[in-house]
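Number of protein chains: 2
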Amino acid sequence: MTAVHDLQARLRDAVGDAGLITDAGQMSGYLTDWRDAYGGRAATVVRPATTEEVAAVVRLCREAGAAVVPQGGNTGLCGGSMPDASGRQVVLSLTRMRRIRALDPVNQTITVEAGVVLQRVQEAAAAAGRLFPLSLGAEGSATIGGNLATNAGGTGVLRYGTMRDLTLGLEVVLPDGRIWNGLRGLRKDNTGYDLKQLFIGAEGTLGVITAAVLKLYPAVRSRATAWVALPSPQAAVDLIGIVSELCGDRLTGFEIMSRQSVDFVLRHGAGARDPFAAVHPWYVLVELSDTLPDAGLDGLLETALAEAFDRDVAADAVVASGSAQVATLWALREGISEAQNFEGPSLKHDVTVPISSIPTFVEQTDRALRAAVPGIRIVAYGHIGDGNLHYNLSKPPGSSDDAFRARADELARIVYDSTRGFDGSISAEHGLGQSKAAIIGDYKDGYELELMRGVKQLFDPGNLMNPGKVLLSPG
Amino acid sequence: MTAVHDLQARLRDAVGDAGLITDAGQMSGYLTDWRDAYGGRAATVVRPATTEEVAAVVRLCREAGAAVVPQGGNTGLCGGSMPDASGRQVVLSLTRMRRIRALDPVNQTITVEAGVVLQRVQEAAAAAGRLFPLSLGAEGSATIGGNLATNAGGTGVLRYGTMRDLTLGLEVVLPDGRIWNGLRGLRKDNTGYDLKQLFIGAEGTLGVITAAVLKLYPAVRSRATAWVALPSPQAAVDLIGIVSELCGDRLTGFEIMSRQSVDFVLRHGAGARDPFAAVHPWYVLVELSDTLPDAGLDGLLETALAEAFDRDVAADAVVASGSAQVATLWALREGISEAQNFEGPSLKHDVTVPISSIPTFVEQTDRALRAAVPGIRIVAYGHIGDGNLHYNLSKPPGSSDDAFRARADELARIVYDSTRGFDGSISAEHGLGQSKAAIIGDYKDGYELELMRGVKQLFDPGNLMNPGKVLLSPG
Numbered sequence: 008m009t010a011v012h013d014l015q016a017r018l019r020d021a022v023g024d025a026g027l028i029t030d031a032g033q034m035s036g037y038l039t040d041w042r043d044a045y046g047g048r049a050a051t052v053v054r055p056a057t058t059e060e061v062a063a064v065v066r067l068c069r070e071a072g073a074a075v076v077p078q079g080g081n082t083g084l085c086g087g088s089m090p091d092a093s094g095r096q097v098v099l100s101l102t103r104m105r106r107i108r109a110l111d112p113v114n115q116t117i118t119v120e121a122g123v124v125l126q127r128v129q130e131a132a133a134a135a136g137r138l139f140p141l142s143l144g145a146e147g148s149a150t151i152g153g154n155l156a157t158n159a160g161g162t163g164v165l166r167y168g169t170m171r172d173l174t175l176g177l178e179v180v181l182p183d184g185r186i187w188n189g190l191r192g193l194r195k196d197n198t199g200y201d202l203k204q205l206f207i208g209a210e211g212t213l214g215v216i217t218a219a220v221l222k223l224y225p226a227v228r229s230r231a232t233a234w235v236a237l238p239s240p241q242a243a244v245d246l247i248g249i250v251s252e253l254c255g256d257r258l259t260g261f262e263i264m265s266r267q268s269v270d271f272v273l274r275h276g277a278g279a280r281d282p283f284a285a286v287h288p289w290y291v292l293v294e295l296s297d298t299l300p301d302a303g304l305d306g307l308l309e310t311a312l313a314e315a316f317d318r319d320v321a322a323d324a325v326v327a328s329g330s331a332q333v334a335t336l337w338a339l340r341e342g343i344s345e346a347q348n349f350e351g352p353s354l355k356h357d358v359t360v361p362i363s364s365i366p367t368f369v370e371q372t373d374r375a376l377r378a379a380v381p382g383i384r385i386v387a388y389g390h391i392g393d394g395n396l397h398y399n400l401s402k403p404p405g406s407s408d409d410a411f412r413a414r415a416d417e418l419a420r421i422v423y424d425s426t427r428g429f430d431g432s433i434s435a436e437h438g439l440g441q442s443k444a445a446i447i448g449d450y451k452d453g454y455e456l457e458l459m460r461g462v463k464q465l466f467d468p469g470n471l472m473n474p475g476k477v478l479l480s481p482g
Numbered sequence: 008m009t010a011v012h013d014l015q016a017r018l019r020d021a022v023g024d025a026g027l028i029t030d031a032g033q034m035s036g037y038l039t040d041w042r043d044a045y046g047g048r049a050a051t052v053v054r055p056a057t058t059e060e061v062a063a064v065v066r067l068c069r070e071a072g073a074a075v076v077p078q079g080g081n082t083g084l085c086g087g088s089m090p091d092a093s094g095r096q097v098v099l100s101l102t103r104m105r106r107i108r109a110l111d112p113v114n115q116t117i118t119v120e121a122g123v124v125l126q127r128v129q130e131a132a133a134a135a136g137r138l139f140p141l142s143l144g145a146e147g148s149a150t151i152g153g154n155l156a157t158n159a160g161g162t163g164v165l166r167y168g169t170m171r172d173l174t175l176g177l178e179v180v181l182p183d184g185r186i187w188n189g190l191r192g193l194r195k196d197n198t199g200y201d202l203k204q205l206f207i208g209a210e211g212t213l214g215v216i217t218a219a220v221l222k223l224y225p226a227v228r229s230r231a232t233a234w235v236a237l238p239s240p241q242a243a244v245d246l247i248g249i250v251s252e253l254c255g256d257r258l259t260g261f262e263i264m265s266r267q268s269v270d271f272v273l274r275h276g277a278g279a280r281d282p283f284a285a286v287h288p289w290y291v292l293v294e295l296s297d298t299l300p301d302a303g304l305d306g307l308l309e310t311a312l313a314e315a316f317d318r319d320v321a322a323d324a325v326v327a328s329g330s331a332q333v334a335t336l337w338a339l340r341e342g343i344s345e346a347q348n349f350e351g352p353s354l355k356h357d358v359t360v361p362i363s364s365i366p367t368f369v370e371q372t373d374r375a376l377r378a379a380v381p382g383i384r385i386v387a388y389g390h391i392g393d394g395n396l397h398y399n400l401s402k403p404p405g406s407s408d409d410a411f412r413a414r415a416d417e418l419a420r421i422v423y424d425s426t427r428g429f430d431g432s433i434s435a436e437h438g439l440g441q442s443k444a445a446i447i448g449d450y451k452d453g454y455e456l457e458l459m460r461g462v463k464q465l466f467d468p469g470n471l472m473n474p475g476k477v478l479l480s481p482g
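Heads up: the protein sequence lines correspond to chains A and B, in order. Heads up, the first sequence is in the numbering used here, so the first residue is 8 and it goes up one at a time. Heads up, the second sequence is in the numbering used here, so the first residue is 8 and it goes up one at a time.
And the structure:
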């Protein structure tokens, strides 16, 4: 019996037949990500159903010297949940751990297992008259465990923060196979180092998150949505100021899109229609929301837009009337990523700079990209209210896919290098995964990397938890 | 020349005459805390004016094998910033590092040095039309560095979170004397382990925080405040539900007080007056706020209170009219701690349980305390909206101070043991300092303490950063 078969047999003892996948065909869905951008091979795929089973799997893999690759809904963008090509790693899928363990409407908390899909958490909260505010494109398949491992962001960060801000407690299986029960539902707890913070955003390199206590909020009962045409990113930043001044913390969404981004959706999105007759270089989608019903948000938004016209900030604007129109406007925003696929390879980047630096950052980055590839199509869009842009790139029309793909690293460098002068980040919300683990060393100071390696060494001295992700050389 | 004099001379070279205090009389203000509850001796008190000077001090102390005790405004409640009795430790006061380095109203961030007093940050934000929401009794002297080191809470947590939630970036001098520049003003940055989280709440045991980038919010422009009489803690929890249901996220303050707490203020507070003719067992102070002017909050609050009367939740209530009355009501809440001092020794405790567990927790804890000390006066009050109670105790009237003080540990155990059944915490917002470092081992599971000790060992293998705080035996 080979070592792999020996480990498989032990894993089967630990998780049962239902928890083990060894058939190549059945494994394949776990070995390549949803975009087919990253993939690998695995010794086996294991799907434990309880925290104790996860702990047993981690212990058995440790004894066998096999690396563990935790995986959730497989919707990541940086290959963080994909095994390498060796065929020796074990993929640990959390998708059978899908219980909602508790919902306490008075404490405003929900306790869920790692494999629960984000949308189910949103729905459970809504059924209890509460809001779980994390919201992102992949919410129908992304799991809470993956959201925690990557500290997910999305469209609600402006008002509610990232997944980190929404988390009160964690349960984690550490690399030594022991279970740390930090499932506390407390809003204040100052009793030493806040260990849970290390696991959030660590992409499974320090342990396997198996459950979490998450914050709930009062339900949102009014919304107003506008689509605004603007001459420039500076105008978008000015508009944030105006809306924030006049609408205060009712401003809960502020998304920017370049004309190029919207153009792709208009070309490829089913039923997509330009709200305006004229073409404008930039657009924003503004959302106000309120926890009270009939909160007069349309009027408030119209007042802010009138001020924006008065100050020559906005070129055109429409406030959505009715939920169908709201959905149509959001579809223009949410359709960008898919529409871009029709135009050849998408080179995706996900950066942040301080909001006040966005105009200069965009000008400088666009100029450098156009100098490198004349005719390049820049699909810049994203959560400008958080300083976060998805700076995606498509080839010049009619040019070769392969030639464009071959320049991916060079073009990524242009975008990432451009963040430097603004104390920005080369990963706002997608994490490092494997794609950026290889280059983060060029963008973070050496001392910070040294401290990160120290933490990794402390928790996972054998480098068996998701090796090659976040940090290339942990030692 | 003794070793101490040698270190003093080197420190003087590093920080200049203005930065060194060796005179016993001048040192005394740094060697005992504001309540005179904790105190010690020091080799010297050093007051560096820049980050580089802090780094030099830490390096020199390390070379001399002298422990460093970072200190801010000296308003802590657990002795976290006090040296021990050896006379060999160096107190590092951050109070000369008091520059506001930057305020970016567009990015909604402020960058401040550790020694800036909290109230100055609030004022600087207000002058820019923004809100810095951390608010607590000691804000006129507590420093941002101390707020960070203890992850301060206060009365704004319900809506805005703790100091941790308000922090985007840190600058820290590590125990090896190197400076980590993590002063990023980004709302999203997922590029590896979030190291700043380790230093927040670590009470100076992992390094010295020298500066921070903090979040600002839209200014608050409307407020409504009510004082409500209630039959029980259960009624208070029910009232949170009613106000939250009808006022949504405009609920920004919810403080509870036992009659005993209010009684002390009425007896000792200058000008304090009971808003009601009848005596009630519990009170809450409810605050709504809004970022819009003229937001109709009084009417909203009255609607919620009417509902509370209809459901027999509230016994009496008054909505403050005008800022003078608001101040009078808040004085009843803020005056408790001082008023209690007139009644003999105050045994202070600061605990959290899930909000839904508060009624049972109070009933059980009160019963155990009264059984232990018949006639004991229980001054329970605090941020019930966060599940956080200050469970303070005063002796039975006419009994001996010393006899009561002698039972401090026993009574603390009763309060802390009571949190166990509710997955609570023995320190909500005050930290562990030296007082709770000695007992936290009995309330946290051994594995979590082991992980904490690992982190301490990683960052501070020589155990020279604030030894004896947070963890008693770091090795």
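Where a beta carbon is used, it is the ideal one built from N, C-alpha and C, also for glycine. These figures come from a predicted structure and were not determined experimentally.
- About 17 Å separates the beta carbon of Ile-391 (chain A) from that of Ile-433 (chain A), a gap too long to meet the 8 Å contact definition.
- DSSP places Glu-341 (chain A) in the helix class (H, G or I) of the three-state scheme.
- Annotated three-state conformation of Pro-77 (chain B) is strand, per DSSP.
- Interface residue (Cβ-Cβ distance to chain B less than 8 Å): Lys-451 (chain A) is classified as such.
- Within the region 340-387 of chain A, the complete alpha helix (DSSP H) segments of 4 residues or longer fall at 343-347, 365-379, listed in chain order.
- In the DSSP assignment, Asn-399 (chain A) falls outside any alpha helix (DSSP H) and lies within the beta strand (DSSP E) extending over 395-401.
- Its chain contains Ala-236, Phe-283 as the residues whose beta carbon lies nearer than 6 Å to that of Asp-323 (chain B), once the 5 sequence neighbours on both sides are disregarded; these appear in chain order.
- Between the alpha carbons of Leu-84 (chain A) and Leu-155 (chain A) lies a gap of roughly 15 Å.
- Of the residues assessed, Asn-348 (chain B) falls on the exposed side of the cut-off, its CB having fewer than 16 other CB atoms within 10 angstroms.
- Taking a Cβ-Cβ threshold of 7 Å, the residues of chain B close to Ser-434 (chain A) are Asn-197, Thr-198, in chain order.
- According to the DSSP assignment, Leu-143 (chain B) belongs to no alpha helix (DSSP H), since it is labelled neither H nor E.
- Under the DSSP assignment, Glu-60 (chain A) falls outside any beta strand (DSSP E), being part of the alpha helix (DSSP H) whose first and last residues are 58-71.
- Comparing alpha carbon positions, the residue from B:Ala-226, B:Asn-188, B:Ala-379 closest to Ala-131 (chain B) is B:Ala-226.
- At a cut-off of 8 Å between beta-carbon atoms, Glu-455 (chain B) makes contact with chain A.
- For the region 238-254 of chain A, the set of positions with a beta-carbon nearer than 7 Å to some beta-carbon of chain B reads Val-244, Gly-248, Ser-251 in chain order.
- Residues of the region 174-187 of chain B with a C-beta less than 9 Å from any C-beta of chain A: Gly-176, Leu-181, Arg-185, Ile-186, Trp-187, listed in chain order.
- Between Thr-310 (chain A) and Val-358 (chain A), the gap from beta carbon to beta carbon reaches 8 Å or more.
- Close partners of Ser-363 (chain B) in chain A (Cβ separation under 7 Å): Asp-111, Val-113, Asn-114.
- Apart from sequence neighbours up to five positions away, the residues of its chain that approach Arg-105 (chain A) with a beta-carbon distance below 7 Å are Glu-120, Gly-122, Val-123, ordered along the chain.
- Our two residues, Tyr-224 (chain B) and Ile-263 (chain A), have alpha carbons roughly 21 Å apart in a direct line.
- Under the DSSP assignment, Ser-35 (chain A) falls in the alpha helix (DSSP H) whose first and last residues are 31-38.
- For chain A, none of the residues of the region 90-101 of chain B brings a beta carbon within less than 9 Å of one of its beta carbons.
- Secondary structure note for Leu-258 (chain A): its beta strand (DSSP E) is the uninterrupted segment 258-265.
- Shown here, Met-89 (chain B) sits in coil according to DSSP, grouped into three states, outside any helix or strand.
- Across the region 395-406 of chain B, CB contacts with chain A closer than 7 Å involve Asn-395, in sequence order along the chain.
- The residues Ala-311, Glu-314, Ala-315, in chain order, have a CB closer than 6 Å to that of Ile-249 (chain A) in the same chain once the five nearest residues on each side in sequence are set aside.
- At least one CB atom of chain A sits nearer than 8 Å to the CB of Asp-393 (chain B).
- Taking 7 Å as the cut-off between beta carbons, the residues of the region 351-378 of chain B near chain A are Thr-359, Pro-361, Ile-362, Ser-363, in sequence order.
- Using a Cβ distance threshold of 8 Å, Ala-74 (chain B) and Pro-474 (chain B) count as a contacting pair.
- Rounded to the nearest angstrom, the gap between the Cα atoms of Gly-192 (chain A) and His-287 (chain A) is 48 Å.
- Tyr-423 (chain A) is outside the set of residues whose beta carbon lies under 8 Å from a beta carbon in chain B.
- DSSP, read as helix, strand or coil, puts Thr-116 (chain B) in strand.
- Counting along the chain, Lys-203 (chain B) sits inside no beta strand (DSSP E); it lies in the alpha helix (DSSP H) bounded by residues 203-206.
- In this structure, Ser-88 (chain B) keeps its C-beta atom at 8 Å or more from the C-beta atom of Val-52 (chain B).
- Contact of Pro-474 (chain B) with chain A by beta-carbon distance below 9 Å is absent, the smallest such distance being about 15 Å.
- Taking the beta carbon of Leu-465 (chain B) as reference, the chain A residues within 9 Å of it are Leu-458, Gly-461, Val-462, Gln-464, Leu-465, listed in sequence order.
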